[in-house]
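> Have a look at this one.
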Amino acid sequence: MIWEGVYNGGVAGVAPAAGWQTAGAGSVFYMNIREGGAEFLANAGAGYSLDNGANGVLLLNGSQQNRTIGTWQSLFSANAYVTGLSFGAGSGFGAGFVGFIDNVGVRSPNGNNFTVNFEAVPEPATWAMMIGGFAFVGAAARRRSTKVVFA
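Under my numbering, the first residue of the sequence shown is numbered 4, with each subsequent residue one higher.
The following block contains the structure:
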């Protein structure tokens with residue numbers, strides 16, 4: 004299932020600067036099936052198809068389906084489960100888009116909740132400046148050391 008701001012009251016193109024994008028139980032998602040499409044379609048019911056035949060965006064009578072999580076649930080068996088999560092920029096952004104993913108929280112009805120906060124990783128130039136600073140401080144401390152003179 005894929006969430007994009009444009010299907011949830013946002014606009015296509017550029018995300019708001021310093022803005023947060025939030026998806027919840029009332030948010031609208033669309034489905035893109037990458038493998039197992041034939042099996043899914045066999046159980047989904049009449050009128051469903053995939054835009055690339057064996058995989059792709061799920062269509063109902065030729066139209067992309069945008070639904071809440073609760074309404075998607077009706078297409079799956081009680082034994083269905085989530086196998087992975089992915090976070091990205093979305094299809095409305097051009098090659099020059101720079102975005103960041105932070106504070107990802109997932110909550111489930113059975114209480115298996117988790118949140119991931121991503122921290123900045125120092126760039127190589129930052130590491131080089133830090134090591135150079137330590138070397139400079141060490142050299143200055145060594146130079147200032149007093150020599151012991153025995154009489």
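C-beta: ideal position from N, C-alpha, C; glycine also.
To the nearest whole angstrom, what separates the beta carbons of residue 5 and residue 33, a pair I think is in contact under 8 Å?
So it is a contact: roughly 5 Å between Cβ atoms.
> Given this structure, state the Cα-to-Cα distance separating residue 85 from residue 65, to the nearest angstrom.
Distance between the alpha carbons of residue 85 and residue 65: 26 Å.
> Have a look at residue 132 and residue 104 and give me their C-alpha separation to the nearest angstrom.
So the alpha carbons of these two residues sit roughly 27 Å apart.
> Between which two residues does the beta strand (DSSP E) carrying residue 117 extend?
Counting along the chain, the beta strand (DSSP E) containing residue 117 begins and ends at 117-119.
> Which residue wins for smallest C-alpha separation from residue 106, given the options 113, 123, 114?
Answer by Cα proximity: 123.
> With a threshold of 6 Å on Cβ separation, who are the neighbours of residue 8 within its own chain once the five nearest residues in sequence on each side are excluded?
Same-chain partners within the cutoff: 24.
> With DSSP as the reference, label residue 107 as helix, strand or coil.
Residue 107 falls in the strand class under three-state DSSP.
> Report all residues from its chain with a CB closer than 7 Å to the CB of residue 63; omit the five preceding and five following residues, and keep chain order.
50, 51.
> Over the uninterrupted beta strand (DSSP E) stretch that includes residue 59, give me the two end residues.
From DSSP, the beta strand (DSSP E) with residue 59 extends over 59-63.
> For residue 31, is the classification buried or exposed, using 16 other Cβ atoms within 10 angstroms of its Cβ as the cut-off for buried?
Counting Cβ neighbours within 10 Å, residue 31 comes out buried, since at least 16 surround it.
> When you compare the CB positions of residue 48 and residue 78, do they come within less than 9 Å of one another, or not?
Yes, Cβ-Cβ distance for residue 48 and residue 78 is below 9 Å.
> Return the bridge partner residues of residue 51 from the DSSP annotation.
Paired residue(s): 63.
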